[in-house]
Amino acid sequence: QTFTVPVLVDTLDEASETATLTLSSATNATISDATGTLTIVDDDATPSLSINDVSYTESGTGGNATFTVTLSAASGQDVEVDYTTSNGTATAGADYTASTGTVTILAGNTTQTFTVPVLVDTLDEVNETATLTLSNASNATISDATGTLMVVDDDSAPSISINNNAMTENAANLSFTVSLS
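Right, dumping it as structure tokens:
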């Protein structure tokens with residue numbers, strides 16, 4: 699005799715799951731194998747990871763640029779991915795703090811944030827960038843592995859001036875000093 703067990707469908711990428719079926723209370727027979735295993739094999743696509751770009755304006759004593767790692771679809775499993783920073787035109791230790799770590803997106807969620815410390819200075823300079831790279835994903839693939847941190851300069855341009863000087867007609871050369879504020 700056969701019987702059926704309804705299996706519910708979901709859209710979460712997950713590991714294969716099992717349930718145990720147990721026979722008991724037999725009448726007019728003995729039970730020689732009381733358990734059967736139902737294995738539900740997942741058929742959902744593996745979600746992919748991406749990271750955003752962040753623009754951070756220097757201000758005060760510094761702060762944190764917040765990055766978001768996004769999963770293309772919720773997963774039934776925790777997803778982990780490593781990240782690391784690297785210099786572009788911005789320099790670790792002068793413009794931002796070099797950072798590495800692991801981001802975990804818990805099962806059922808689609809985003810997780812982390813921060814990279816941004817350092818400030820009083821130099822007028824062009825906007826600078828650093829790169830954040832995702833690697834070593836577990837339970838997901840990586841569709842966009844790089845994010846950009848743009849450190850936007852908020853310092854005013856310096857002013858330039860030249861001093862006054864006088865000389866007698868017989869002097870050969872006259873020196874002037876040009877200064878930045």
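Under the numbering used here, think of the first position of the sequence shown as 699, with each following residue one higher. Quick reminder that beta carbons are idealized off the backbone N, C-alpha and C, glycines included. Note that the structure is predicted; figures quoted are calculated from it, not measured.
Residues near residue i in its chain [Cβ-Cβ closer than 8 angstroms; skip 5 each side]
i      : result
THR798 : ASP780, TYR781, THR782 and THR783
ALA732 : THR720, LEU721 and SER722
Residue i burial status per 10 Å Cβ neighbour count (16 or more: buried)
i      : result
ALA727 : exposed
ASP793 : buried
GLY791 : exposed
LEU719 : exposed
ILE729 : exposed
GLY734 : exposed
PRO745 : buried
ASP867 : For the sequence presented, residue 867 should be read as Glu rather than Asp. GLU867 comes out exposed.
Neighbourhood of residue i by C-beta, 7 angstroms cutoff - its chain only, sequence neighbours within 5 removed
i      : result
SER753 : MET848 and VAL850
VAL705 : ILE738
ALA855 : ASP822
Integer Cβ distance of residue i from residue j, believed to fall under 8 angstroms
i      : j      : result
ILE858 : LEU878 : 6 angstroms
THR809 : VAL767 : 7 angstroms
Counterpart residues of residue i in DSSP-defined beta bridges
i      : result
ASN785 : ALA828
GLU715 : ILE738
ASP780 : THR800 and SER833
MET848 : SER753 and THR827
PHE874 : DSSP output for PHE874 lists no bridge partner at all.
Neighbourhood of residue i by C-beta distance below 6 angstroms, restricted to the same chain and skipping five residues each side
i      : result
THR764 : THR811 and THR813
Item to check | contact_flag[the region 762-780, the region 702-716] where n(CB pairs < 8 angstroms) is 3 or more | outcome: yes
Checklist entry - Should the region 714-734 be regarded as contacting the region 743-760, the criterion being three or more beta carbon pairs within less than 8 angstroms? => result no
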